[in-house]
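Here the structure is laid out as structure tokens; the discussion comes afterwards.
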Amino acid sequence: MDRKKISKADLGRWLDTIAGKYELIGPTEDEGIIQFGPVQSSAELTLEYANSLIPPKSLFFPPVESLFAFRKRGEEIQLEETKPLQQDRVIFGIRNCDVGSLSLLDRVFCDDLEDSYYRERRERTTLIALACPTPPRSSCFCTTFGIDPLSPAGSDILLTDVGDVYLVDAVTDKGEELVALGEGLFAPLTEGEEKELQPPPVDMPQLDVRELRERLEALWEDEYWEKLSLPCLGCGICTYVCPTCHCFDISDVGSTSDGVRYRCWDSCMYSDFALMVSGENPRPTKRERTRNRYFHKFSTFPSRYGTGYACVGCARCLVHCPGGVEITEVIKDISAKEGVSDR
Amino acid sequence: MTANIYLPSIATVREVRPETPDTSTYVVSFDDPQLRESFAYEPGQFAELSIFGVGECPIGIASSPTREGLLEFCVRAVGTVTDALHDLEVGDKLGVRGPLGNSWPTTEIEGKDLLFIGGGIGLPPLRSLIQYVLDNRDRYGAVQIVYGARSPQDLVYKEELKEWEDLPDVDFHVTVDAGDDTWDGAVGFVPPFLKDINPSPTNKVAFTCGPPIMIKLVVEALEEMGYADADIITTLEMKMKCGVGKCGRCNIGDKYICRDGPVFSFEELRSIPGALEV
Chain A
34 MDRKKISKAD
44 LGRWLDTIAG
54 KYELIGPTED
64 EGIIQFGPVQ
74 SSAELTLEYA
84 NSLIPPKSLF
94 FPPVESLFAF
104 RKRGEEIQLE
114 ETKPLQQDRV
124 IFGIRNCDVG
134 SLSLLDRVFC
144 DDLEDSYYRE
154 RRERTTLIAL
164 ACPTPPRSSC
174 FCTTFGIDPL
184 SPAGSDILLT
194 DVGDVYLVDA
204 VTDKGEELVA
214 LGEGLFAPLT
224 EGEEKELQPP
234 PVDMPQLDVR
244 ELRERLEALW
254 EDEYWEKLSL
264 PCLGCGICTY
274 VCPTCHCFDI
284 SDVGSTSDGV
294 RYRCWDSCMY
304 SDFALMVSGE
314 NPRPTKRERT
324 RNRYFHKFST
334 FPSRYGTGYA
344 CVGCARCLVH
354 CPGGVEITEV
364 IKDISAKEGV
374 SDR
Chain B
9 MTANIYLPSI
19 ATVREVRPET
29 PDTSTYVVSF
39 DDPQLRESFA
49 YEPGQFAELS
59 IFGVGECPIG
69 IASSPTREGL
79 LEFCVRAVGT
89 VTDALHDLEV
99 GDKLGVRGPL
109 GNSWPTTEIE
119 GKDLLFIGGG
129 IGLPPLRSLI
139 QYVLDNRDRY
149 GAVQIVYGAR
159 SPQDLVYKEE
169 LKEWEDLPDV
179 DFHVTVDAGD
189 DTWDGAVGFV
199 PPFLKDINPS
209 PTNKVAFTCG
219 PPIMIKLVVE
229 ALEEMGYADA
239 DIITTLEMKM
249 KCGVGKCGRC
259 NIGDKYICRD
269 GPVFSFEELR
279 SIPGALEV
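Those protein sequence lines, which keep their order, are chains A and B. With the first letter of the first sequence counted as 1, position 160 gets the number 193 in the working numbering; the numbers rise by one all the way through. With the first letter of the second sequence counted as 1, position 209 gets the number 217 in the working numbering; the numbers rise by one all the way through.
Set out below in structure tokens:
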């Protein structure tokens, strides 16, 4: 579909029409915290945000979700699968780093042993991405990993703020269906506007990650991991706010005759994550757990799934780490020519 | 597997056979007659066993697909779920999710002589292949079994061990770490016992499973005897959870033990950083 525009005044009208037909989810602000959640009307949304605290991966792979209920009736055990969604959804305002993370998570959850919960949420959701404000936050580094904050890749529609109007790029059938709902609200661009209405180019510091994996793999035994793990508190916030982390635990709640099997996010940074009942732990200290996290992002994930690195440069982990561990510094350290620098 | 990879199928305990003071064999069959017919697995695969309200844990399938009908699991009571499994009696229900993981290489080893080295509760996963080989005897060469446990009462499959001992085409050796009044067999740890037997590496593939320290020393012994790493095969026990390569727990390098294993050769394991560090 050709590029269109929608006036800022009409955006709310369009979203309200969408909310009448779908579950509308978008960024809301509560005491300074931005989060993605369901709204009844566009008036509840905020457009003044860089990104959410918790990545919208939580809308596809929730922090806690029921997998099925079990009930014992006499001798019989009945299992009832939990339906992941009641209604088709539209997510408005997702940023491209988080769109990029979904394509990575797709590789994990939609391989040949498909996770039906994640799959159904993906299939029944339309993504309206919102191009990032320029200049980007100083912490952002998505372009390092090939993500273009102004591209419609991976979403169904991209909106770009160019002053009085948003440019509208509907790039999938699902996206075009949503545009069709806003009859009369969208207008084609004149030839002059095609040239004039352009977002300013994104200027973001770019890290050199060309040989990151090879350099990392040479550092398995390096003392660097010990040093890097010293300020780590093992709190797991880096994994909790990461849009590509996918570790989880499965557990039962209730009694043996009536209850629910659920899964919840877990963290490879927790000391008991890989602990076995025998008492053995393949990653017994912060050194091994820290190393495992960076190897997963930059070596084993790309190797296993044939993708790029499992980081999208959203900077959530480095902003929220109480120990001040910054993944950008780790990348620089690993990429430093003579082994690793002495931090 | 069901279409939902997390959804177990309901099965009923048909028989409970105590093996040692803390270990029992559970013989189960699916309640759904269609699934009973269609459930296909390879020796070496595992399943997630569920006690609803308690949880789920991965247990190797100890039976062979060549013996039709029932599935066997040998379970030591060591944790929350395995303790709850031990409360099961004949007629009780449980959940079974599987089969999961890869399997012993049954085709690649055709025509080879086979050496099985088990320690304690490491024998059940090997037994699925041993039974498979004995049921397809003409496809394989000589069979040698070396088994050990801490004490005579810690040996599993006591009746079956006697059968193997009596089979003319199986060379069977058993030892215990410490004997008692009932024991007139060999006494000593498995690795030196294996060295004394000194099985030739020629045209042979060795399979081993047991406590990590035993595996480590057995592999050292086998390498001393001239076995190549590619011909030493084990099944890895790590803390698996989901069983389907998603929850992130059981990785070694870019492999998930639950998906790419649990069966690996030592040649593979040596190429993966950290795989042998436990």
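Cβ coordinates follow ideal geometry from the N, Cα and C atoms, glycine included.
Let me know the secondary structure DSSP gives residue i once reduced to three states.
{"i": "I18/B", "result": "strand"}
{"i": "A150/B", "result": "coil"}
{"i": "G53/A", "result": "helix"}
{"i": "G282/B", "result": "coil"}
{"i": "Q161/B", "result": "helix"}
{"i": "E116/B", "result": "coil"}
{"i": "E64/B", "result": "strand"}
{"i": "D239/B", "result": "helix"}
{"i": "K254/B", "result": "coil"}
{"i": "F47/B", "result": "coil"}
{"i": "G377/A", "result": "Outside the modelled stretch of chain A, which goes from 34 to 376, sits residue 377/A, for which no answer is possible."}
{"i": "Y150/A", "result": "helix"}
{"i": "P41/B", "result": "helix"}
{"i": "F124/B", "result": "strand"}
{"i": "L108/B", "result": "strand"}
{"i": "G45/A", "result": "helix"}
With a threshold of 8 Å between beta-carbons, can residue i be considered close to chain B, or not?
{"i": "T176/A", "result": "no"}
{"i": "G292/A", "result": "yes"}
{"i": "F306/A", "result": "yes"}
{"i": "E114/A", "result": "yes"}
{"i": "F101/A", "result": "yes"}
{"i": "R326/A", "result": "no"}
{"i": "E362/A", "result": "no"}
{"i": "E259/A", "result": "no"}
{"i": "P315/A", "result": "yes"}
{"i": "S336/A", "result": "yes"}
{"i": "V310/A", "result": "yes"}
{"i": "W253/A", "result": "yes"}
{"i": "I110/A", "result": "yes"}
{"i": "G372/A", "result": "Confidence at G372/A is low in this model, with a pLDDT of 49, below 50, so the placement of that residue should be treated as unreliable; the coordinate-derived value is given next. With 8 Å as the cut-off, G372/A does not count as an interface residue toward chain B."}
{"i": "S353/A", "result": "The identity of residue 353/A in the sequence shown is His, whereas the question assumes Ser. So, not an interface residue."}
{"i": "F331/A", "result": "no"}
{"i": "D131/A", "result": "no"}
{"i": "G287/A", "result": "yes"}
Let me see if you follow: with CB-CB separation under 8 Å, is residue i close to chain A or not?
{"i": "P281/B", "result": "yes"}
{"i": "A11/B", "result": "yes"}
{"i": "M222/B", "result": "no"}
{"i": "C82/B", "result": "no"}
{"i": "Y49/B", "result": "no"}
{"i": "V62/B", "result": "yes"}
{"i": "S14/B", "result": "Looking at the sequence provided, one finds Tyr at residue 14/B rather than Ser. Interface residue, yes."}
{"i": "I18/B", "result": "yes"}
{"i": "G87/B", "result": "yes"}
{"i": "I129/B", "result": "no"}
{"i": "K166/B", "result": "no"}
Less than 6 Å between C-beta atoms, sequence neighbours within five positions excluded: which residues of the same chain meet that for residue i?
{"i": "V154/B", "result": "I125, H181, L202"}
{"i": "P185/A", "result": "L191, D202, V204"}
{"i": "R152/A", "result": "C143"}
{"i": "D246/B", "result": "Residue identity differs from the one stated: residue 246/B is Met in this sequence, not Asp. The answer, listed in chain order, is C258, I265."}
{"i": "V132/A", "result": "A162, G187, S188"}
{"i": "T74/B", "result": "Y140, D143"}
Skipping 5 residues on each side, what residues in its chain have a beta carbon closer than 7 Å to that of residue i?
{"i": "P29/B", "result": "Q161"}
{"i": "T159/A", "result": "V123, D189, K207, G208, L211"}
{"i": "P221/A", "result": "D35, K37"}
{"i": "R246/A", "result": "F331, S332, P335"}
{"i": "A55/B", "result": "I67, I69, V104, R105, G106, P107, L108"}
Provide the residue(s) that pair with residue i in DSSP beta bridges, ordered along the chain.
{"i": "T33/B", "result": "R25/B, C82/B"}
{"i": "W298/A", "result": "F281/A"}
{"i": "S75/A", "result": "BP columns for S75/A are empty, so no partner."}
{"i": "I138/B", "result": "The partner list for I138/B (beta bridge, DSSP) is empty, contrary to what the question assumes."}
{"i": "K263/B", "result": "I260/B"}
{"i": "I66/A", "result": "D63/A"}
Short of 8 Å in beta carbon distance, which residues of its chain neighbour residue i, apart from the five on each side in sequence? Order them along the chain.
{"i": "V24/B", "result": "S32, T33, Y34, V35, L96, E97, V98"}
{"i": "G196/A", "result": "L230"}
{"i": "P209/B", "result": "L230, M233, G234, Y235, A236, D239"}
Point to revise | 3 or more residues per run - each beta strand (DSSP E) lying fully within the region 155-203 of chain A | key: Restricting attention to beta strand (DSSP E) runs no shorter than 3 residues, the region 155-203 of chain A encloses them at 158-163, 190-194, 198-203, ordered along the chain.
Practice item. Quick one: which unbroken alpha helix (DSSP H) runs of 4-plus residues sit fully inside the region 94-148 of chain A? Chain order, please. Key: The qualifying runs are 129-142.
Review point. Could you give the uninterrupted runs of the beta strand (DSSP E) lying entirely in the region 291-341 of chain A, keeping only those of 3 residues or more?
Key: Taking only runs of at least 3 residues, the beta strand (DSSP E) segments lying wholly in the region 291-341 of chain A are 291-298.
Check your understanding: Whole beta strand (DSSP E) runs in the region 176-252 of chain B with 3 or more residues, listed along the chain?
Key -> Unbroken beta strand (DSSP E) stretches of 3 residues or longer found wholly inside the region 176-252 of chain B: 178-184, 212-217, 240-243, given in chain order.
**Study point:** Interface positions of the region 239-266 of chain B facing chain E (Cβ-Cβ less than 7 Å), listed along the chain
**Key:** Although the question refers to chain E, the structure presented lacks it and instead comprises the protein chains A and B.
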